[in-house]
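Read the structure below first, then the notes.
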Amino acid sequence: MYMRGFVMPANKKEVSCKALELLFHAVNQKQLDAKILLAGIPYDIGYLKNKHERVEWFIWCRMTSNLRPYFSSIEFEEMGRSFVSRGSYWEGILWAFFLFTSNRFSRLLYNQIFKIGAAMFACIKHNTDFLAPNKFVATAYLDEGYEFSPEWSLICKGVWEELGKKIGQKGFRVEVSLIQGKTVFEVSWMKESIIYKLKRGFLWIFNIRKALTEITDSHDELLNQYQKLETSQKLLQKQTTQLKTAHEISTSIKQSLNINDTLKAIADALVKEAGFSAAYIELCKDIDENDIKIKLQTGVITDLVTPIHQEINVNDKKIGELIIYPKPEMDYRDSNELLEYLGPVINIAIHDALVLRAVTDYKDNLELKVSDRTVELQNARDELTETNALLKAAHQTQNRFFTNISHEFRTPLTLILGPAKQLSEQLNEDKAKEQLDLIHRSAKKLNRLVDELLDISKIESGEMKLKACPINLVAALKEMTLSFYSLAERKNITFRVSSDEEEIIAYVDKDKLDKILTNVLSNAFKFTPEDGKVEIEINCHPEFISGSSEPEIDMLKSRQRRDRQVQLNNYIEISIRDTGIGIPKDQIDKIFDRFYQVDGSHTRQQEGTGIGLSLTKELIELHKGRIEVESEEGKGSTFRLYFLLGKEHLKPEEICTEALGEELEKEDIKEMLIPETEEFSGKKFHIDVENKFPEKSENRILLIVEDNPDVRKYITLILENQYEIFEASDGEEGLNKSF
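Be aware that the sequence shown starts at 5, since it is given in our numbering, and climbs by one per residue.
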């Protein structure tokens, strides 16, 4: 192959676009895809067809070799002939008038041919031997490292033959041979007679005339192209002015979006870049269509020209006007076209500046409003803080009032309950005894209400403390429910307490548990009709109720799982079911609200304050437990009480190790002296009595220390037959009398 051993010189492109054009023309003539030329070529078609580009010699040789499967030797020669016919016809005829008459003109032909060749192939060198007036040999050779391709030799042969044909030389013949990397062209023609030369002369004259006609046509075409070019140049100049002005406007407004700066930048660009004499801008509306008045002028206004008016539109609404004053020498139509082109640019620039102006104004107004509002909020917060302090003080006063009034109530209630019960036991008259029993029951109800109010007051003030001791819940609950069996018997209600376990030890405050159970059971018996049922079921569970969302319960579950002692049984469920009137669905969520009572004909028949269930819920939550209720109107209700087992959920100060609830030896004395509670006038005390009161003796002395004289009197009346009694109103007096 001719490419064997080829080394491409660096950065040398020896083949011109004319040679490339020759190949593309041949491919198009044969209706082949131009891509067949690109096999192994590092350029795309766009580059190769560019009339200003050149390629390396080896690239051109590769392209010609890519055509071998599609072109024969004769077709490669025809490729060269077509080059002469297409591009150099009349030029070749003029040259032919002088050539081949002697060796001198043979040299001229030779030089012209290789001048064209050198322009197309910069790497080709040549020399010539003129052997006779009608014969010469031209030898072409390449720089070192280059090789000829057979296709190039065939194309060059076609060029020689076509030129000879056009000249009309008799017996014109070209022989081509490749010898040791060189291409040798042997050109010869026959000697001509006078008649043949005259015949050829007339042919030349005809061809010259034809060539001159072509020159004239070409001149007209060139003149027409020049005129088009001049028109295009004017259009390009106009577009350049438009783009330059638009660019100047855009660049200026980017530096500042202030509306006045924007208008000035637009006017300056119209005068300096577009070449107008003056520009006047007036805005009458802002972006929100509020009335404004902004005017700006640049340049010198003259009366020698008619101004051009153009509306300034934002959001398809007129907000102002632009007036342009062209220079006298400017074309009025061109000025209008320029303004039509710049109109959208100007409108957008003014729109953006007005938007920024509106945003800035809004920001300033907003900052002012925020500042004013902040002052108002601060004043309101100060007023709220002051009001909250007053409310808190009033609430504390209310709590103190409830606490004090509750204590004040309990002392006279005790003095009513005790004597009433004592008189009831001593009197034999039924009517008087019945009235005293009525007094006793009413006083007990009032005392229970006072206890509830006192508990609520303690809870609200944070004084309600838990004293949880380990007790057997099963036994404690059965003991606490004993008093309800007589009530169940009177109403013919089936009452049952059941448990899976005989013993369940839990840390609870027994006094508060008694209040919880009493409140729930009282409601159950109160709203359950005769022949109904009330059941209590006690169960242990390994995990807390599903769906619980109490944070404290979740924390306790995690802690209890780490404790093997409580891992299997970590909460207890106490279910209290009744077959009473039930609770409407829309009121279930409200029954634990303080002072709330279910509205209905059945509930209005029953007494109540709406405190019991609210207090019950708060006492259960004090144990870190939970209460739930399920009810269906007309069928009954189920209250579920959940208490955690163990003591991990309790604070250290809430735990006591002693069992609570040690009973007095004499229940009747307990009820007589301290009914329903161990608290008495704000203090706790116990009176232990024997089964039988002792006889009064001289050596039995009793000192009663009590600040309430009525209470001292009541105790004295009870015990004066058994003791010699001394009274003291306070501790200091009692201490003195004890000595």
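Built from N, CA and C at the ideal position, the CB exists for glycine as well.
Keep in mind the model is a prediction, meaning the values are calculated, not measured.
Buried or exposed (CB count within 10 angstroms, at least 16 for buried), residue i
i      : result
His653 : buried
Met194 : exposed
Gly175 : exposed
Asn523 : buried
Ala269 : buried
Ala424 : buried
Lys688 : Any reading at Lys688 must be qualified, since the residue scores a pLDDT of 36, below 50, and its modelled position is unreliable; the value itself is stated next. The residue is exposed, with fewer than 16 neighbouring Cβ atoms inside 10 Å.
Pro348 : exposed
Arg85  : buried
Glu155 : buried
Asn451 : buried
Glu234 : exposed
Tyr74  : exposed
Ile316 : buried
Pro46  : exposed
Asn527 : buried
Val163 : buried
Residue i versus residue j - alpha carbon distance
i      : j      : result
Leu372 : Asn294 : 21 Å
Asn351 : Leu226 : 44 Å
Pro713 : Ala447 : 21 Å
Ser375 : Lys289 : 29 Å
Leu417 : Arg377 : 57 Å
Val191 : Phe62  : 28 Å
Lys129 : Ser69  : 22 Å
Gly50  : Val318 : 45 Å
Leu249 : Leu300 : Inspection of the sequence shows that residue 249 is occupied by Thr rather than by Leu. Roughly 18 Å between the two C-alpha positions.
Phe743 : Thr415 : 29 Å
Lys367 : Glu387 : 29 Å
Lys34  : Leu71  : 11 Å
Gly735 : Glu657 : 29 Å
Ser77  : Tyr345 : 59 Å
Val19  : Phe80  : 18 Å
Gly586 : Arg598 : 19 Å
Glu541 : Glu636 : 19 Å
Arg66  : Ala142 : 25 Å
Asn543 : Asn383 : 57 Å
Ile659 : Glu433 : 50 Å
Asp133 : Phe28  : 34 Å
Val178 : Glu82  : 14 Å
Glu464 : Asp292 : 57 Å
Pro588 : Gly536 : 19 Å
Ala38  : Leu24  : 12 Å
Leu431 : Leu739 : 39 Å
Lys514 : Thr661 : 13 Å
Close Cβ partners of residue i (< 7 Å) along its chain, the five nearest in sequence each way excluded
i      : result
Met468 : Asp459, Lys462 and Leu626
Val275 : Ala282, Ala283, Thr302 and Gly303
Cβ-based neighbour list, residue i, same chain, cut-off 8 Å, excluding 5 preceding and 5 following
i      : result
Glu737 : Val709
Glu744 : Because the chain in this structure spans residues 5 to 743, residue 744 falls outside the shown range and cannot be described.
Glu534 : Lys495, Asn496 and Ile497
Gly185 : Tyr145, Leu146, Glu151 and Phe152
Glu634 : Ser641, Thr642 and Arg644
Glu505 : Val478, Ile542 and Cys544
Contacts around residue i, its chain only, beta-carbon distance under 6 Å, and the 5 residues preceding and following it disregarded
i      : result
Phe488 : Leu525
Leu308 : Pro332
Ile705 : Glu728
Asp518 : Met484
Ala43  : Asn70
Glu286 : Lys299, Gly324 and Glu325
Ile420 : Ala447
Val501 : Lys482, Thr485 and Ile540
Ser361 : Per the sequence shown, residue 361 should be read as Arg rather than Ser. Excluding positions up to five away in sequence, the list reads Ile263.
Val188 : Thr143 and Ser181
Lys396 : none
Just checking, does the segment 276-283 make contact with the segment 318-334 on the three C-beta pairs under 8 Å criterion? Cβ pair count under 8 Å is three or more, so yes.
Should the segment 134-153 be called in touch with the segment 46-58, which here means at least 3 C-beta pairs below 8 Å? By the Cβ rule, the segment 134-153 does not count as touching the segment 46-58, because fewer than three pairs are nearer than 8 Å.
How do the segment 617-625 and the segment 478-486 stand: do at least 3 beta-carbon pairs fall below 8 Å, yes or no? Contact check between the segment 617-625 and the segment 478-486: fewer than three CB pairs, one atom from each, fall below 8 Å, which does not count as touching.
At which residue ranges does the segment 33-63 contain complete alpha helix (DSSP H) runs of 4 or more residues, listed in the order of the chain? As far as the segment 33-63 is concerned, its whole alpha helix (DSSP H) runs of at least 4 residues are 49-52.
Ordered list of beta strand (DSSP E) runs contained in the segment 253-298, each at least 3 residues: Taking only runs of at least 3 residues, the beta strand (DSSP E) segments lying wholly in the segment 253-298 are 282-289.
To test your reading of the DSSP string, which unbroken alpha helix (DSSP H) runs of 4 or more residues are found completely within the segment 422-498? If only uninterrupted alpha helix (DSSP H) runs of at least 4 residues are considered, those enclosed by the segment 422-498 are 434-465, 477-484 and 487-494.
As an exercise, report each continuous beta strand (DSSP E) stretch of at least 3 residues that is fully enclosed by the segment 296-361, in chain order. Complete beta strand (DSSP E) runs here, min 3: 312-318 and 321-329.
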